[in-house]
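Input: a single structure, listed below in structure tokens.
Numbering (my numbering), first residue to last: 27 to 200.
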């Protein structure tokens, strides 16, 4: 199997009755990894999600999810597997948008940041991670708002069609 390592946000077409896995490496135990995903189109907008550790044990497993976020601290250093399965759908492909984020490994006890440049570098990395989390949350909220607007638009269209049909309906008084 070809290992696909992630470096940025991905939009992937998941074929019907298929499973695809992506891989991300945690260099040290305690490194924070995060997955945020959303189904953009296809069928009932649901997919099965699974995260496996380097030992092959499931860390996270959900079925028929439309979107979600999961963050965890790596228990071991090694390659973590992020799988999306569309096996429950035999005919409908799905478009999955997802982002896997890998944080900085935790600092070891006994390490001292004597130089202010190291402190500044750490603060910049922390700020960058926070901004990435805010950006992901905003993208998620924009998508949810778009679904809400689409629902309202469809409801208004149906209401107007019903109203116009009733408006042009001929009633005879006998």
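Note that CB positions come from ideal geometry on N, CA and C, so glycine has one too.
- Are residue 160 and residue 59 closer than 8 Å when you measure CB to CB? no
- Query: Which one or two residues does DSSP pair with residue 78 in a beta bridge?
  - Reply: Per DSSP, 84 and 107.
- Length of the line joining the Cα atoms of residue 144 and residue 132: Approximately 14 Å between the Cα atoms of the pair.
- Message: Buried or exposed for residue 93, going by 16 or more other Cβ atoms inside 10 Å?
- Response: buried
- Along the alpha helix (DSSP H) that carries residue 175, what are the first and last residues, could you check? 142-193
- Item | Spatial distance of residue 181 from residue 171 (CA atoms) | 15 Å
- First and last residue of the uninterrupted beta strand (DSSP E) at residue 97: 93-99
- Message: If you reduce the DSSP assignment to three classes, tell me which class residue 54 lands in.
- Response: The three-state secondary structure of residue 54, taken from DSSP, is coil.
- Based on the DSSP secondary-structure assignment, which residues constitute the bridge partners of residue 46? BP columns for residue 46 point to 110.
- Message: Assuming residue 46 and residue 54 are in contact, meaning their beta carbons sit under 8 Å apart, how far apart are those beta carbons, in whole angstroms?
- Response: Contact doesn't hold; Cβ gap of about 27 Å is too wide.
- Given residue 130, which residues of its chain have a CB within under 6 Å of its CB, disregarding the five upstream and five downstream residues? 151
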